[in-house]
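Here the structure comes first, spelled out in structure tokens, and everything after it is commentary.
2 protein chains.
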Amino acid sequence: MKPYAQLTPEERKEEHARLQTEFSALKAQGRQLNMARGKPGKQQLDLVSDIFGLMQDPKDYVSDGIDVRNYGEMNGLPAARRLFADILGCKPEQVFVGGNSSLQLMYDAIAKAYTHGLLHSPRPWCKEETVKWLCPAPGYDRHFRVTETFGFQLVTIPMTDGGPDMDAVEAAVKDPAVKGIWCVPKYSNPEGVIYSQETIRRLAALSPAAPDFLIMWDNAYCVHEFEGDYVPFPDILSVCAEAGRPDMVFEFASTSKITLPGAGVACFACSEANMAHMEKVLAPQVISFDKVNQQRHVLYLKDKARTLELMKKHAAIMGPKFRSVADTLDKEIAPLDIASWRRPKGGYFVSFNAMPGTARRTLALCKEAGVTMTSAGATFPYGKDPQDSNIRIAPSLPPVEELEQAMRVFCVCVKLAALEKLGV
Amino acid sequence: MKPYAQLTPEERKEEHARLQTEFSALKAQGRQLNMARGKPGKQQLDLVSDIFGLMQDPKDYVSDGIDVRNYGEMNGLPAARRLFADILGCKPEQVFVGGNSSLQLMYDAIAKAYTHGLLHSPRPWCKEETVKWLCPAPGYDRHFRVTETFGFQLVTIPMTDGGPDMDAVEAAVKDPAVKGIWCVPKYSNPEGVIYSQETIRRLAALSPAAPDFLIMWDNAYCVHEFEGDYVPFPDILSVCAEAGRPDMVFEFASTSKITLPGAGVACFACSEANMAHMEKVLAPQVISFDKVNQQRHVLYLKDKARTLELMKKHAAIMGPKFRSVADTLDKEIAPLDIASWRRPKGGYFVSFNAMPGTARRTLALCKEAGVTMTSAGATFPYGKDPQDSNIRIAPSLPPVEELEQAMRVFCVCVKLAALEKLGV
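Going down the list, the protein sequences come from chains R and B.
Residue numbering for the first sequence follows the numbering used here, beginning at 1 and increasing consecutively.
Residue numbering for the second sequence follows the numbering used here, beginning at 1 and increasing consecutively.
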């Protein structure tokens, strides 16, 4: 098949008719397939469910002399803080280990800035006239929504192959109303981009007008390669400290996609000064998080080296799914010259750029044929993609056979929407 | 021994000298004993640690067709909602099951009122000039601290034998700045009072000037008798609904003192209209809480009847500790007529009223002799007891032998402080 742009109107009509027949046949199969969210599949859950076999021996109830079953240790078991420090490359005293959700910890950091202020805030953000927030896009819809729910103005920053467009970021932070930026530095959601050294250096070297400017460093996929070897990443806390702004960043991570998405352990990491501030503002809210589950994870993951071994097993499940998606796109869509995408080596998504103006139509067609995807626009602030082009594909949940069916439907829909746009 | 007030100055001096010798001897033993917080003791933790043996069978990973290990079900597993509804006497759809901490859920309800507003709020509370909050006292220091951290003005409401002084409450809610009240309706913290039917009726019948007035109904000790039979309690959601104000109350409960304090499951319950509002404001914050631990609790506790059976076993551990405290006070302090206390039948505390003006001194002496107690004043707003009288005794953590030693120290300190006050 030639690129669609090179087809004659007659050829386009023929192709459209052929695809409509195929679409009707797929639709008639009445399948319900889901590629909406980065949910691990059952095989991954089963892989780690031996974690429930732990905590059988009373000696496991005690960690560093602390009975993990009782109240106490607000900022987490020391052993759990050491585990995350090992993974993230920072110091244990810079780590706060919480409950099952890094999203909750991120929300809470922003909420505390809003209600009480951060360490260097002149006042709580709820007392500010306007708060603006930088959103590299395409990005993670749940990030954008956290800052939207507090009424911040979301400012779109274009993404490049090396991370957020730093010229745009450096210009934006001159505005004292700009209070922070969302970052997913490794295998960014959804593009799978790894921030370049240069991007990271420039982020740490920012001189924002706001004294309490905050880099929200969501290292969600820090050890999540499914292709090739583990890619080391710098400790952002050290990088910011070396640049003279140790308090400008909060890092987040979790085991949601290492052990269990519903029942893992999450943490944040920050400078010691920020930690002291957070302990003060968190004390009225928290006695302690679930230290039994923290202990279960300490016993299960042990350290970074064993964690990376486990991630190889996840890769053996995830790799084939991502290869299937990319291979299908290469075969079905690439020759038509109507879309672009990356072939990520880690993370949970494939970012697909359909022909501008066709993303919503593509996903409406998918839905008609029983395939649920992340809604169009979700990867942009306020759910509005100015190009109506970006689509986030989440291949992790369905088994490979279902994924192949879903991708078949998806490709037909991408083509139909493109032909409609070109005119048939 | 006669009442201290009837002693001659000479007799007081003799008694004081005798007590000082005893105090020095106790101090010389160099013990470190802790009655500061309502922490369950090790025997109670061991009692329920067979809960870790659950979740071994893959069929337990699925509840009502939901894989409990994956993301989803923000407001909790349906089976967990049914369990708490059974215990609280409300409907499952009125229950939101969260993580390990009811304090966090309480904080969050207040935080959402502050940042976003409640269902009937004209505006978020952070936009109000002044927010006032009713604090029945003696009460729970962590409650007071939550409302203090958001800058609310704490208004002390006297406690009576049947709960908060309702005349004072009814008068206070005429002020539109008064936005809510803390309540621990069963075995109140620290007094162990059960709210009377009349108190509950009058609370539900309140006509506050604030349209978004909120009753924070912390049913922390709903099934926590350690003496005698289970005492039924009314479903506050129904009571408020029948009084025509279904949205005025949020109820809270947890298994922190049923299973594990660090690793239990907490919930809130509210009207369906409030639930819809909370789901909307919580959606940006939460994907889901730890459903594995929810499932563990469903399998372990099963229903209200089995939960009450388990509470009998806790009572067998707690009962002797509370009897030891009350018996010691009856024997050592009662004849002196220098203090008063209740003999609670449930909950986690004994509320002790020392001779006015001696609580702080008593606890300073205790500390000197190695006994840590909840700090004086903690049971009042801002940590300031106007009488300097109330002391919260928390007998749950130490084994009975240690508790007896601690109570011996405590009684000597109470007497010494009283004699100092009377003049020696």
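Where a beta carbon is used, it is the ideal one built from N, C-alpha and C, also for glycine.
In whole angstroms, give me the CA-to-CA distance for B:Pro398 and R:Arg201. 53 Å
Have a look at R:Gly38, R:Lys304, R:Arg31 and flag the residue whose alpha-carbon is nearest the alpha-carbon of R:Pro261. R:Gly38
So, R:Thr358 versus R:Ala418, is the Cβ gap smaller than 8 Å? yes
So which residues of chain R does B:Gln56 contact, with C-beta pairs closer than 9 Å? Phe52, Gly53
Backbone CA spacing between R:Arg82 and R:Pro92 [nearest angstrom]: 5 Å
Closer than 9 Å by beta-carbon distance: list the chain B residues that pair up with R:Ser288, in chain order. Asn100, Ser101, Pro261, Gly262
At 7 Å on the CB atoms, spell out the chain B contacts of R:Gln104, in chain order. Gln285, Val286
Please give me, in chain order, every unbroken run of the beta strand (DSSP E) with length at least 3 that falls completely inside the region 131-194 of chain R. 132-137, 153-160, 178-183
Along the alpha helix (DSSP H) that carries R:Thr115, what are the first and last residues, could you check? 102-115
DSSP three-state label for R:Glu22, please. helix
Contact set between R:Ser49 and chain B, taken where Cβ atoms lie within less than 9 Å: Met55, Pro58, Tyr61, Arg69
Could you work out which residue in R:Phe322, R:Leu203, R:Ile258, R:Leu214 is closest to R:Ala243 when comparing CA atoms only? R:Leu203
In the DSSP assignment, find the unbroken alpha helix (DSSP H) run with R:Phe84 in it and report its ends. 78-88
Three-state class that DSSP yields for R:Thr372 in the structure shown: strand
Below 8 Å, can you find three or more Cβ-Cβ pairs linking the region 346-356 of chain R to the region 169-189 of chain R? yes
Could you confirm whether any beta carbon from chain R is found closer than 8 Å to the beta carbon of B:Met126? First, the amino acid is wrong: residue 126 of chain B is Cys here, not Met. B:Cys126 counts as touching chain R.
Is any beta-carbon of chain R found at less than 8 Å from that of B:Phe150? yes
Just mark R:Gln104 as buried or exposed, buried being the case when its beta carbon has 16 or more other beta carbons within 10 Å. buried
Under the DSSP definition of a beta bridge, which residues are partnered with R:Ala34? It is Asn, not Ala, that sits at residue 34 of chain R in the sequence shown. In DSSP, R:Asn34 forms a bridge with R:Thr372.
Considering only their Cβ atoms, is the gap separating B:Trp182 from B:His143 smaller than 8 Å? yes
Report whether the distance from the Cβ of B:Phe352 to the nearest heavy atom of the ligand HEM is below 7 Å. Ligands are entirely absent from the displayed structure, and the ligand HEM is therefore not among its contents.
Roughly how many angstroms lie between the CA atoms of R:Asp46 and B:Phe289, to the nearest whole one? 20 Å
Would you please verify whether the beta carbon of R:Ala334 is less than 8 Å from any beta carbon of chain B? no
Taking just the CA atoms, how far does B:Ala5 sit from B:Val424? 12 Å
Step through the CB atoms of chain B and report whether any lies within less than 8 Å of the CB of R:Thr115. yes
Whose CA, out of R:Arg245, R:Ala241, R:Ser271, lies closest to the CA of R:Phe252? R:Ser271
Whole-Å CB distance - B:Thr259 paired with B:His297, under 8 Å assumed: 6 Å
Compute the beta-carbon to beta-carbon distance between R:Ile317 and R:Gln43, rounded to the nearest angstrom, for a pair I have assumed lies under 8 Å. 5 Å
Excluding the 5 residues preceding and the 5 following R:Ser101 in the sequence, name in chain order all residues of the same chain whose CB lies nearer than 6 Å to its CB. Ala266
Return the residues of the region 140-174 of chain B that lie within a Cβ-Cβ distance of less than 8 Å from chain R, sorted by chain order. Arg142, Arg145, Val146, Glu148, Thr149, Phe150
If contacts are defined as beta-carbon pairs under 8 Å, then B:Met55 and B:Val292 qualify, I think. What distance do you get, rounded to the angstrom? 7 Å
Contact set between B:Arg37 and chain R, taken where Cβ atoms lie within less than 8 Å: Tyr71
Against chain R: residues of the region 11-29 of chain B by CB proximity under 7 Å: none
If you drop the 5 nearest sequence neighbours on each side, which residues of the same chain put their C-beta closer than 6 Å to that of R:Trp125? Ala113, Tyr114, Val131
I want to see whether chain R comes within less than 8 Å of B:Ala111, judged by CB atoms only; does it? yes
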